[in-house]
Every structure is written in structure tokens, then in C-alpha cells.
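If you use the numbering used here, the sequence shown corresponds to residues 98 to 476, in order. Virtual Cβ for every residue (Gly too), placed ideally from N, Cα, C. Small disclaimer: the values here were computed from a predicted structure and weren't measured. To keep things clear, I will list the structure first and then write my remarks on it.
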Amino acid sequence: MNGDVRREWFEKDYYQILGVPKNATQEEIKKAYRKLAQKYHPDANPGNKEAEERFKEISAAYDVVGDEAKRKQYDRVREMVASGFGPSAGPSWTGGPGARVRFEDLGFGDLGDLGDLFGGLFGTRRGRARAATRGADLEADVTVSFEESMRGTTVPVRIQGPAPCSTCGGSGAAPGSSPVVCPQCRGTGVIAVNQGLFQIEQTCPRCHGSGRAVDRVCPTCKGSGSQRRTRTFQVRIPPGVKDGARIRLRGHGEPGPPGAEPGDLYVRVHVRPHPFFRRRGDDLEVEVPITYTEAALGAEIQVPTLDGPVTMRVPPGTPSGKTFRLRGKGAPRRGGQGDLYVTVNVEVPARLSKEERELLEKLRAAERESPRRRLGVSA
């Protein structure tokens with residue numbers, strides 16, 4: 098099992114959050130997410146903190162169970178929760194938020210790396226410093242127009258919260274000093290704790306697993322390495338981005354303890370609907386009205402595309418609802434563009450001028466037979 102398994106996976110039922118059964122299909126999960134995201138989106142609930150938190154919870158749930166690989170990992174973790182394993186299993190669980198766990202020494206080697214929490218079970222020592230606790234990931238949402246999603250753009254994203262200290266740069270050390278070998282763990286990053294018959298290794302609380310400690314603390318952040326402030330990032334939205342896509346900005350999340358890596362920032366993109374274009378994968382769809390004379394006699398008409406109007410030929414005798422494909426006029430994709438599907442709809446005028454009525458009466462008189470004759474009726 099590769100990838101990060103978070104403590105939250107043990108504690109939260111993502112299926113319940115999305116309102117779907119555990120055996121729901123990916124399409125059902127996607128549909129449920131879109132419905133809830135639309136209901137609780139910050140743009141639809143300005144100033145509503147409760148809706149904002151609900152939206153973040155929904156997004157976090159969809160990020161896991163909406164991805165087939167992560168969903169398999171999550172399901173296996175939840176099976177262990179059901180069997181009594183997890184944060185509520187007892188004092189041996191010491192992982193904080195975002196902690197990982199390793200089940201190899203518990204006889205679950207086939208589960209692979211779920212982290213390092215139980216890496217020292219039965220007195221196993223690594224002989225090296227553990228990776229310091231990583232900073233928390235952050236999430237943000239941006240909304241772009243349909244045109245911006247097609248052509249790409251750059252949007253500012255403002256994040257308010259913990260950021261690397263402006264004085265020490267995140268080290269936690271006072272100016273002119275630097276971190277030293279941690280005196281509590283002697284640079285190993287772990288300490289041994291007795292749990293009954295076993296000895297369990299835990300991340301050192303002094304250096305948070307980095308093996309380095311601060312002798313003289315920074316006067317600005319008091320040694321934490323972080324301070325609360327507003328940061329603004331310019332996020333590049335690639336051409337052809339889809340509604341609901343997530344963009345990862347490595348290292349732009351919350352800072353970890355001194356010596357630890359920062360988390361990542363995940364930006365979810367929301368695309369406003371277009372007045373007449375609809376997207377289907379990498380293809381676009383558009384409905385174009387034509388007159389009944391254009392449908393009957395044929396015509397060359399102008400149709401809208403992302404690159405501006407183009408001419409399309411409508412053959413004589415084209416029925417209403419006929420769809421034509423314009424190759425390479427769809428959404429941008431790797432190596433080119435999708436196609437544009439143009440559906441023509443014959444518009445019948447609600448009011449006729451005297452001249453139009455006379456011409457149509459002549460046309461009706463010239464009609465050879467009723468098209469309903471094939472149905473066995475004469476009129």
C-alpha cells in the first residue's frame with residue numbers, strides 16, 4: 098500500500114460525509130460530490146463559516162474516495178477500524194494529525210508503508226533520525242470563467258494562517274545561532290517508551306523527529322518556526338483544466354516544526370458554466386439555430402468556436418437535431434484539442450409577414466404528398 102494514510106482516515110467515514118453507500122460506483126460518488134459541493138460552495142454561501150467547513154470536509158472526502166487507488170487504501174484502513182484497530186485502540190496509538198503508521202512489525206507486512214508510528218515496536222531501533230513531522234496540507238478554492246479554463250490563466254490565492262517565520266525563516270533559532278543536536282534524543286529523532294512488555298519508539302517531543310534542537314529561540318516566533326500572516330500565491334491554471342480539478346503547490350502548506358518539511362497547498366478549480374458551450378471530456382457541444390429555408394435548401398452558416406466564428410456547411414434537407422463534428426475545435430488537451438459537436442435546430446417563426454405567408458401557401462400547394470402517408474394516414 099503506497100501513499101500517505103492519514104489519521105483522519107481512521108476517524109472519518111467519508112462515505113457517510115458524501116451520503117453514499119460503501120459500494121457506490123465512482124460515478125455515483127462523483128455525482129454526490131458535485132451536488133453537495135454546489136450546495137455548500139463558499140460562493141453560494143458568502144460569510145457562512147459552517148458551510149465553508151462543510152465544503153472543506155466534502156472536498157477532503159471526495160479527494161480520497163473519488164480516487165480509485167486512494168479509495169482501496171481507505172477501505173482497508175476502515176476494515177481495520179471496524180476490527181478494533183486505530184486511535185481508539187489504546188495508549189500505543191500516539192500519532193498526531195497527519196501521522197503515518199507502519200504495520201510490518203505487527204504482522205501486516207502485506208499492507209506496506211502506512212507510515213512510521215510503530216516502526217520501533219518490540220525494541221527495533223532505526224539508528225537514525227526519523228523524518229520530522231511534516232506540516233499540514235492546506236486547501237483553497239478558486240473560480241474561473243469557462244474561457245479562462247480553456248485558455249489558461251493565473252489567479253491569486255490568499256491563505257491566512259501559519260507561515261514560515263519572517264525572522265528565522267522557519268528554523269526557530271535566534272538570528273546568529275543555529276540548531277544543535279537534540280539533547281533529549283541525541284540526534285536520533287526518537288525516544289523509547291515502555292508499554293507493558295514492549296518498548297515502543299515515539300517521535301522525540303523536543304525536536305519533533307528532526308534530531309536537531311534550538312539552543313537560542315527566535316524572539317519573533319518563540320522557537321516555533323512559524324507565525325500567522327496572510328500569504329498570496331499566484332497559481333497558474335493550465336489550458337483545458339476541468340471543473341473540480343486540484344492543483345498541487347508543493348511546500349506552500351503550513352510549515353512543520355523546525356527542521357520539518359512544510360505541507361502542500363491544494364487548489365481546487367471551479368469553472369463557471371458557459372451560456373452556450375457544454376463540455377464533455379475534451380469535446381465541446383453547442384446548439385445552433387437555423388431557418389427552415391436553410392435546412393431545406395442548404396446553406397453555409399457561421400458557428401461559434403473557442404477561436405472565433407467559423408463557416409460550416411449545412412447540406413440541403415438537413416433535419417432539426419442533426420449533429421455535425423468540427424475536428425480540433427474542442428477543449429485543449431495534451432497534443433492538441435478535442436472536437437466541437439454542433440447540433441442544428443430548425444427554428445419556425447411564431448409570426449409571419451404577409452409575403453412569407455403567401456410564399457408558404459404556394460409551397461404547400463406544390464407539396465407532392467403528406468409525409469404522414471407512410472403511417473397509413475392521408476392528411
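- Judged by their CB atoms, V383 and V443 are not nearer to each other than the 7 Å cut-off.
- The beta carbons of P336 and P429 sit closer together than 7 Å.
- Of the other Cβ atoms in all chains shown, fewer than 16 fall within 10 Å of the Cβ of L472; this residue is therefore exposed.
- With fewer than 16 other beta carbons inside 10 angstroms of its own, K146 counts as exposed.
- A Cβ-Cβ separation of about 12 Å leaves G267 out of contact with S307 under the 8 Å criterion.
- For S323, the secondary structure class from DSSP, reduced to helix, strand or coil, is strand.
- Excluding five sequence positions before and after V407, the CB atoms of its chain that fall closer than 8 Å to its own CB belong to Q399, V400, L423 and K426, given in chain order.
- Here D436 has D380, R422, R424 and G427 as same chain residues with Cβ atoms under 6 Å from its own Cβ, once five neighbours each way along the sequence are excluded.
- Here the segment 147-154 makes no contact with the segment 349-368; the two share fewer than three CB pairs at distances below 8 Å.
- F243: not part of any beta strand (DSSP E); member of the alpha helix (DSSP H) spanning F243 to R248, first to last residue.
- Taking C-alpha positions only, D140 is separated from D404 by approximately 29 Å.
- The beta-bridge partner set that DSSP reports for L423 consists of L437.
- Per DSSP, the continuous alpha helix (DSSP H) segment holding A463 begins and ends at K451 to A463.
- Sequence-distant Cβ neighbours of Q434 in its own chain, meaning closer than 6 Å and more than five residues away, are G425 and G427.
- Following the DSSP letters along the chain, one finds A396 inside the beta strand (DSSP E) bounded by residues A396 to V400.
- Excluding five sequence positions before and after Y171, the CB atoms of its chain that fall closer than 7 Å to its own CB belong to W106, Y111, V161 and V162, given in chain order.
- Under DSSP, the beta-bridge partners assigned to F330 are V254.
- The C-alpha of P259 is placed about 30 Å away from the C-alpha of S246.
- For E149, the enclosing alpha helix (DSSP H) starts and ends at K146 to V162.
- Going by beta carbons, V364 and V278 fall outside the 7 Å limit.
- The DSSP-derived three-state label of E108 is helix.
- R470 and R461 have their C-alpha atoms spaced approximately 16 Å apart.
- Around the beta carbon of R376, 16 or more other beta carbons lie within 10 angstroms, which makes this residue buried.
- With contacts defined as CB atoms closer than 7 Å, T264 and C304 fail to qualify as a contacting pair.
- Per DSSP, the continuous beta strand (DSSP E) segment holding L346 begins and ends at R343 to L346.
- For G418, the CB contacts under 7 Å within the same chain, skipping 5 residues up- and downstream, are T440 and N442 in chain order.
- Where R131 is concerned, the enclosing alpha helix (DSSP H) starts and stops at Q123 to Y137.
- A distance below 8 Å between beta-carbons, with the five flanking residues on each side excluded, links K153 to the following residues of its chain, in chain order: E236.
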